[in-house]
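Asker: Position one of the sequence shown corresponds to residue 21 (the numbering used here), numbered consecutively onward. Glycine residues also receive a C-beta, built at the ideal position from the N, C-alpha and C atoms.
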Amino acid sequence: MVAGNRREASEWPLIKNRRTVPSGGQVRSTELVVDGTPVSSLLLAERFGQRLRGMLARKPLPPAMLISPCSSVHTWWMSATIDVALLNSDRKAIAVRTMKPWGFFGARGTTTVLEAPAGSFERWGLDVGSAISWAANGHQ
21 MVAGNRREAS EWPLIKNRRT VPSGGQVRST ELVVDGTPVS SLLLAERFGQ RLRGMLARKP
81 LPPAMLISPC SSVHTWWMSA TIDVALLNSD RKAIAVRTMK PWGFFGARGT TTVLEAPAGS
141 FERWGLDVGS AISWAANGHQ
């Protein structure tokens, strides 16, 4: 029952069943390129539900996920450590961090976030200043 702005817990699907995570629909896949070198497959989280979920409750973790538009990320309720790169509008990494569960990461100028399992960025040579590209709608 709604009373003013209050709702019963049963009216909130994410509270009613805490294991429920919105899927956000089908996520498109493409190729991730770091400094001109193809490094991994990449999931594109472009719709609200996809961005909201990110890598949460995905087992196994995807090789990489791009969340756009996005200015910050959190790892609340995550069970795994992940690598996170904050990208500016020129698709350059402006900040890079390995995040444990229950963290928060954001920086001024961020328009897109790249997430991957911990250790991926080191293997790919991705660091602050790296140029990131991907094919979106057939364009890179």
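So which of A65, R111, E66, K79 has the shortest CA-CA distance to D147?
Answerer: For this step, residue 147 is matched to residue 127 along the sequence shown. Residue R111 is the option with its Cα nearest to D147.
Asker: Taking C-beta to C-beta, are A100 and V116 nearer than 8 Å?
Answerer: Start at 1 with the first residue of the sequence shown, and residue 100 comes out as number 80. Start at 1 with the first residue of the sequence shown, and residue 116 comes out as number 96. The answer is no: Cβ separation not under 8 Å.
Asker: What does DSSP give as the partner residues of M98 in its beta bridges?
Answerer: In the sequence shown, the residue the question calls residue 98 occupies position 78. The partner list for M98 (beta bridge, DSSP) is empty, contrary to what the question assumes.
Asker: From D103 to L81, what distance separates their C-alpha atoms?
Answerer: Sequence index remark: in the sequence shown, residue 103 carries index 83 (1-based). Sequence index remark: in the sequence shown, residue 81 carries index 61 (1-based). Computed Cα separation, rounded: 12 Å.
Asker: Any idea which residues DSSP pairs G126 with across the strands?
Answerer: Against the sequence shown, residue 126 aligns to sequence position 106. Bridge partners of G126: S92.
Asker: Is it the case that the Cβ atoms of G126 and S150 are separated by a distance below 8 Å?
Answerer: One-based indexing of the sequence shown puts residue 126 at position 106. One-based indexing of the sequence shown puts residue 150 at position 130. No.
Asker: Would you mind sorting V144 into buried or exposed? The rule is 16 or more other CB atoms within 10 Å of its CB.
Answerer: On the sequence shown, residue 144 is found 124 positions in, with the first residue counted as 1. The identity of residue 144 in the sequence shown is Trp, whereas the question assumes Val. It is buried - the Cβ of W144 has at least 16 other Cβ atoms within 10 Å.
Asker: Would you mind working out which of P83, K79, K120, S109 sits nearest V93, comparing C-alpha positions?
Answerer: Residue numbering aside, residue 93 sits at position 73 when the sequence shown is read from its first letter. The shortest CA-to-CA distance from V93 to any of P83, K79, K120, S109 is the one to K120.
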